[in-house]
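Just below is one structure, and these are the notes that go with it.
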Amino acid sequence: MTSKKLAQKAAHVAQRKAERNKPIRSSVKTAITKARKLILQKDLDAAQQAVKEAALALDKAAQKGVLHPNNAARRKSRLMKQLNEALTASTKQK
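The structure is reproduced here in structure tokens:
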């Protein structure tokens, strides 16, 4: 533990923020995982809805300051790219 009072307060605040942010990060990860699984299972209608929900969760996390906005944008971009590749692959097979 730190010996300076200001450092102790900063550590306490950081711990409090980490506890507040943890469930938001967890829900974002869960939404992304759910969307990726649906994409891999070729359930594209459900995957599109799951990707929308994941994008919304990422936007909210970025807005609240839990994630950096560029981090959220990068994750959304990758998720959309996976979905679009799966959609184009399914239309080529038909």
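Counting from 519, one number per residue, gives the positions in the sequence shown under the working numbering. Just so it is clear, CB atoms sit at the ideal spot from N, CA and C, and this is done for glycine as well. All values reported here derive from a predicted model rather than from experimental measurement.
Less than 7 Å between the C-beta atoms of residue i and residue j, yes or no?
i: residue 576; j: residue 531; result: no
i: residue 569; j: residue 579; result: no
i: residue 605; j: residue 557; result: no
Between which two residues does the alpha helix (DSSP H) harbouring residue i extend?
i: residue 574; result: 562–582
i: residue 521; result: Neither: residue 521 is in no alpha helix (DSSP H) and is coded neither H nor E.
i: residue 605; result: 587–611
Assuming residue i and residue j form a contact by the criterion Cβ under 8 Å, report the distance between their Cβ atoms to the nearest whole angstrom.
i: residue 582; j: residue 542; result: 7 Å
i: residue 564; j: residue 597; result: No, residue 564 and residue 597 are not in contact; Cβ-Cβ is about 14 Å, not under 8 Å.
i: residue 562; j: residue 595; result: Residue 562 to residue 595, Cβ: 19 Å. No contact.
What are the complete beta strand (DSSP E) segments, minimum 3 residues, inside the region 524–564? none
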